[in-house]
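Here the working numbering runs 1 ahead of the position in the sequence shown, where the first position is 1.
Note that the Cβ used here is the ideal one computed from N, Cα and C, for glycine as well.
Worksheet: the structure to be examined is printed underneath.
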Amino acid sequence: MGTKQIRELLAGIVNADAVKDDETLFMIGISSMEISRFLSRLHQDCNIDVSFADFYKNSSISELSRFINTKYDFNRGQA
Numbered sequence: 002m003g004t005k006q007i008r009e010l011l012a013g014i015v016n017a018d019a020v021k022d023d024e025t026l027f028m029i030g031i032s033s034m035e036i037s038r039f040l041s042r043l044h045q046d047c048n049i050d051v052s053f054a055d056f057y058k059n060s061s062i063s064e065l066s067r068f069i070n071t072k073y074d075f076n077r078g079q080a
């Protein structure tokens, strides 16, 4: 899952355009309710489960992308 896809999922929840890929989403003041909405959307739209704890450990868009790609092995078989 790329950073663009994560930004699309965040759209309507927070202004993800206000943060760079390597900056934490907490810099734009994301709340626990917004995190919950994002994680729910991630699960419903993409069948990807990320816990609150994993979100807090990987709270930038680029970290989330790496975490999801590693957890779900999305890059396997790609050159």
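(message) Here's a check: name, in chain order, each residue in its chain whose Cβ is nearer than 6 Å to the Cβ of Met28, leaving out the five neighbours to either side.
(response) The beta carbon of Met28 sits closer than 6 Å to the beta carbons of Val20 from its chain, once the five residues preceding and following it are set aside; these are given in chain order.
(request) Using three-state DSSP, classify Ser63 as helix, strand or coil. (result) It is helical.
(message) So the candidates are Arg42, Ile49, Ile7 and Ser60; which of them puts its Cα closest to the Cα of Glu24?
(response) Measuring from the Cα of Glu24, the nearest candidate turns out to be Ser60.
(request) Between the Cα of Ile14 and those of Met2, Ser32, Asp55 and Thr4, spot the shortest distance and give me the residue it belongs to. (result) When only C-alpha atoms are compared, the closest one is Ser32.
(request) Check whether the Cβ atoms of Leu65 and Phe39 sit closer than 7 Å, and answer yes or no. (result) No, these two residues do not count as a Cβ contact at 7 Å.
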